[in-house]
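*Asks:* Right, I'll just put the structure down here and ask away after.
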Amino acid sequence: MTCILQLGPLTERFNHSLAAEHEVLRIWEQDADALLDRQAHRIEVVVTSARFGCSAALIERLPSLRAIISFGVGYDSIDVAAARARGIPVSNTPDVLNDCVADLAFGLIIDCARQMSRADRFVRAGEWLSGGLPLATSVSGKRLGIVGLGRIGEAVAKRSSGFDMQVRYHNRRPVDGSAYGYEPSLIELARWSDFLVLTCPGGASTRNLIDRSVLDALGPNGILINVSRGSVVDEPALVEALLEGRLGGAGLDVYAEEPKVPPALFELPNVVLLPHIGSATAETRLAMEELLFANLRAFLERGEMLTAV
Ligand code: NAP
Ligand code: 8YV
Numbered sequence: 249m250t251c252i253l254q255l256g257p258l259t260e261r262f263n264h265s266l267a268a269e270h271e272v273l274r275i276w277e278q279d280a281d282a283l284l285d286r287q288a289h290r291i292e293v294v295v296t297s298a299r300f301g302c303s304a305a306l307i308e309r310l311p312s313l314r315a316i317i318s319f320g321v322g323y324d325s326i327d328v329a330a331a332r333a334r335g336i337p338v339s340n341t342p343d344v345l346n347d348c349v350a351d352l353a354f355g356l357i358i359d360c361a362r363q364m365s366r367a368d369r370f371v372r373a374g375e376w377l378s379g380g381l382p383l384a385t386s387v388s389g390k391r392l393g394i395v396g397l398g399r400i401g402e403a404v405a406k407r408s409s410g411f412d413m414q415v416r417y418h419n420r421r422p423v424d425g426s427a428y429g430y431e432p433s434l435i436e437l438a439r440w441s442d443f444l445v446l447t448c449p450g451g452a453s454t455r456n457l458i459d460r461s462v463l464d465a466l467g468p469n470g471i472l473i474n475v476s477r478g479s480v481v482d483e484p485a486l487v488e489a490l491l492e493g494r495l496g497g498a499g500l501d502v503y504a505e506e507p508k509v510p511p512a513l514f515e516l517p518n519v520v521l522l523p524h525i526g527s528a529t530a531e532t533r534l535a536m537e538e539l540l541f542a543n544l545r546a547f548l549e550r551g552e553m554l555t556a557v
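Have a look at this one:
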């Protein structure tokens, strides 16, 4: 039996299956320091998620660690450099969640433009009895800018064809053979876009990529959609732009300090706020669990990972 340190709870089904096959130490159920003082030398695998991460300090504390297996595609919360320095491989769960996250991004586009959440609140509050809502903005035929045309970004772009949208994207370098127009300047992409969708990774290299100048380029009629990471956006600058009417609207699934959301956003009618649910469907979470288990088994049986980062 392999001694596994699990850094946070996933589904009951997952927790149960993991514990059925391995000796699992659940760090959140006990005093973490005391647990590590007693058991650190025995731990061979860390099972974590994009949410719970894995710090350099924890990696350093585990002398027998051989692998870090994560649930989720983003790995900005895992210190991959510290793991690599010790020759410890890290796996994630790419691809199986692309459609689900892209569906949600497109849902946010439509919701922000057509005021669906706002209209729902309006009806429930009985306000329809005494008037109508202001006219909304169309989606079809508009310009879609994508920051990070990777696996999820491609799936967002694909959905836009049903809405006759023009698509351009900004990555650090053009995607070979892509039919979509590459925009080397993020500011120019924002200036061109009606909707700017963020699907790049989080972490140091993208921190505050969407700053005041990008938000101003998107402008008072532009809508920002963020399904990547909160760290990619300068959040105080976003709040300021929305409060001052310099940005048309925002659809957000992720925030700088989750689960904290800037309270100033609660009052704004042109903002849709979701609690990081991009991959949160039964089907996709099951596929992510299965891929995590496949990585764990492949590592333990053959020393390989199916999807190493
Ligand atoms: P991916 O396939 O690696 O795509 C990421 C794209 O971002 C690549 O095309 C990359 O191209 C681009 N990129 C990287 N750094 C950039 C930069 N500095 N400026 C502009 N573009 C940059 O990743 P993915 O599987 O699509 O996932 C993307 C992210 O979505 C994840 O890392 C995660 O943070 C987020 N996510 C969120 C949820 C949710 O629940 N909301 C769920 C899943 C994933 P270049 O390398 O050429 O720049
Ligand atoms: C999950 C995510 O919510 O895959 C990612 O990067 O952000 C989401 O799919 C996350 O993995 C759960 O911690």
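To convert a position in the sequence shown, counted from 1, into the working numbering, add 248.
We put the beta carbon where it would ideally sit given N, CA and C, even for glycine.
These numbers come from a predicted model, not from an experiment.
1. Using DSSP with H/G/I as helix, E/B as strand and the rest coil, what is Gly401?
2. Compare the Cα-Cα distances from Val395 to each of Ser441, Cys360, Leu383, Arg369 and report the closest residue.
3. Is it buried or exposed for Gln363, if we count other Cβ within 10 angstroms and need 16 for buried?
4. Taking the alpha-carbon positions, what's the Leu313 to Asp459 distance?
5. Taking all protein chains shown into account, do 16 or more other C-beta atoms lie within 10 angstroms of the C-beta of Glu537, making it buried, or fewer, making it exposed?
6. Classify Ala333: buried if its beta carbon has 16 or more other beta carbons within 10 angstroms, exposed otherwise.
7. The alpha helix (DSSP H) that contains Cys302, what's its start and end?
8. Does DSSP classify Ala498 as helix, strand or coil?
9. CB Ile473 to CB Leu356, shorter than 7 Å?
10. Is Thr296 near the ligand NAP - that is, is its Cβ less than 6 Å away from at least one heavy atom of it?
11. In this structure, does DSSP put Ser426 in helix, strand or coil?
12. Are there 16 or more other CB atoms within 10 angstroms of the CB of Pro382, so buried, or fewer, so exposed?
13. Rounded to whole angstroms, what is the Cα-Cα separation between Ser409 and Val520?
14. Note down the Cα distance separating Thr341 from Ala504, rounded to an integer number of angstroms.
*Replies:* With the given structure in hand:
1. Gly401 falls in the helix class under three-state DSSP.
2. If we check each option's Cα against that of Val395, Ser441 comes out closest.
3. Under this definition Gln363 is a buried residue.
4. Rounded to whole angstroms, Leu313 to Asp459 spans 39 Å at the Cα level.
5. By the C-beta density criterion, Glu537 is buried, having at least 16 other C-beta atoms within 10 angstroms.
6. Under a 10 Å Cβ-count criterion, Ala333 is classified as exposed, with fewer than 16 other Cβ atoms of the shown protein chains found around its own Cβ.
7. Careful: Cys302 lies outside any alpha helix (DSSP H) and carries neither H nor E.
8. In the displayed model, Ala498 falls within a strand according to three-state DSSP.
9. Yes. Within cutoff.
10. No - the ligand NAP has no heavy atom lying nearer than 6 Å to the Cβ of Thr296.
11. DSSP places Ser426 in coil when its eight states are reduced to three.
12. The C-beta of Pro382 has fewer than 16 other C-beta atoms within 10 Å across all chains shown, which makes the residue exposed.
13. The straight-line gap from Cα to Cα measures roughly 23 Å.
14. If I take the Cα positions, the gap works out to 22 Å.
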